[in-house]
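Report on the structure given below.
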Amino acid sequence: MNRQAIIDNYSQASENHYSSQLKTTKKVRILDTSFDALSLAQTVDWVVELIKSGQKGYICTVNVAILMMMRSYPQLRNFVHNAALVVADGQPLVWTSKLLEQQLPERVTGIDLIDAIAARAEKEGLGIYLMGATAPVIAAAAFKMQSKYPRLKICGFDDGYFNEAQSAERAAAISQSGAQILFVGMGVPRQESFLEQNWDELGINLAIPVGGSFDVYAGLRKRAPLWVQQTGLEWLYRLIQEPQRLWKRYLLTNSQFVLEILRSMFTRSHNTTVLSNARERH
61 MNRQAIIDNY SQASENHYSS QLKTTKKVRI LDTSFDALSL AQTVDWVVEL IKSGQKGYIC
121 TVNVAILMMM RSYPQLRNFV HNAALVVADG QPLVWTSKLL EQQLPERVTG IDLIDAIAAR
181 AEKEGLGIYL MGATAPVIAA AAFKMQSKYP RLKICGFDDG YFNEAQSAER AAAISQSGAQ
241 ILFVGMGVPR QESFLEQNWD ELGINLAIPV GGSFDVYAGL RKRAPLWVQQ TGLEWLYRLI
301 QEPQRLWKRY LLTNSQFVLE ILRSMFTRSH NTTVLSNARE RH
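Next up, the structure:
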């Protein structure tokens, strides 16, 4: 099934079907999406609070590419907007929040969430399930995670290559595993579609779509050095690694994002001027 078909198959979820009722976090609005202004550590604390309170929900880690895709596909936008938590997966979004005189404390990436939540889950006795990537990659990711966190309960893992008819079997396996947390990495929008269609059968408290993060976690792809990450140039590092796959995405998507932000700023400035002039006339 192609990307458009998957997106078109999304059902419309009610606003409270997935979202938790935890205390409200500060929101930062970029274009038409509200991001939760949380650091990585605060996000992990939020995860533990969600699970201990017996609530359910999913986190969306949104980068520029996903944000632009949401503007073209209403079903994906609906999925993200119904998330219990939306965090900024990319330094450009943090920079943009400052430009808009709002403040996202830092980027919160899928790969960082995987490791940080695994560390906390080990301490809290929470179970994790991993699904996505190829069979060798997901096995390597699970092995690495278990080696790093020996007392962590990895309740199961499975690859992300299955057809529509096998979705129910995967959901049942996750439910029967006893895991509270599911990381699913099958790419956008397939991973979101899986969660949308099988949410009630998964039996978990928290799900996090993490895209291609398992490839990085397992060591199949190298992550940029820390200093590159801190300067916000990890996208350039990835582009150098995979130019044929990523050049079009970064060129077109980033350009579209910049234009949309400039248009948004111009509109806001224009509306402010009009309102100010109207007040002066009265």
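With the working numbering as the guide, the letters of the sequence shown map in order to residues 61 to 342. Heads up, the beta-carbon is just placed ideally off N, CA and C, and yes, glycines get one too.
A direct Cα-Cα distance of roughly 18 Å separates residue 190 from residue 116.
Per the DSSP secondary-structure output, residue 198 pairs with nothing in a beta bridge. Considered as a whole, the segment 155 to 194 harbours 187 to 192 as its complete beta strand (DSSP E) runs of no fewer than 3 residues, in chain order. Residue 94 carries a strand assignment under DSSP once its states are collapsed to helix, strand and coil. In this chain, the beta strand (DSSP E) harbouring residue 269 covers 266 to 269. Measuring C-alpha to C-alpha distances from residue 239 to each of 184, 314, 274, 138 identifies 184 as the nearest.
In this structure, DSSP gives residue 112 a helical state, which the three-state scheme calls helix. Following the DSSP letters along the chain, one finds residue 136 inside the alpha helix (DSSP H) bounded by residues 134 to 141. In the DSSP assignment, residue 147 forms a beta bridge with 121. Annotation: residue 276 is outside any beta strand (DSSP E); the continuous alpha helix (DSSP H) that includes it extends over 273 to 277. Contact between residue 96 and residue 145 is confirmed by a C-beta separation of about 5 Å, below the 8 Å threshold. Here the segment 237 to 255 makes no contact with the segment 159 to 167; the two share fewer than three CB pairs at distances below 8 Å.
Looking from the CA of residue 99, the closest CA among 273, 107, 93 belongs to 107. Distance from the CA atom of residue 182 to the CA atom of residue 172, rounded to whole angstroms, is 16 Å.
Per the Cβ contact rule, the segment 117 to 135 is in contact with the segment 266 to 284 (3 or more Cβ pairs under 8 Å). When rounded, the separation of the alpha-carbon atoms in residue 319 and residue 312 is 11 Å. In the displayed model, residue 86 falls within coil according to three-state DSSP, outside both helix and strand. Going by beta carbons, residue 245 and residue 274 fall inside the 8 Å limit. Rounded to the nearest whole angstrom, the C-alpha separation of residue 153 and residue 302 is 22 Å. With respect to the C-alpha of residue 214, the residue from 250, 223, 174, 290 having the closest C-alpha is 174. Residue state for residue 104 is assigned as helix, using DSSP reduced to three classes. CA-CA distance, residue 188 to residue 218, rounds to 12 Å. 179 is the residue among 134, 309, 317, 179 whose C-alpha sits nearest the C-alpha of residue 101.
The three-state secondary structure of residue 212, taken from DSSP, is coil. In the three-state scheme derived from DSSP, where H, G and I count as helix and E and B as strand, residue 242 is classed as strand.
Per DSSP, the continuous alpha helix (DSSP H) segment holding residue 258 begins and ends at 250 to 262.
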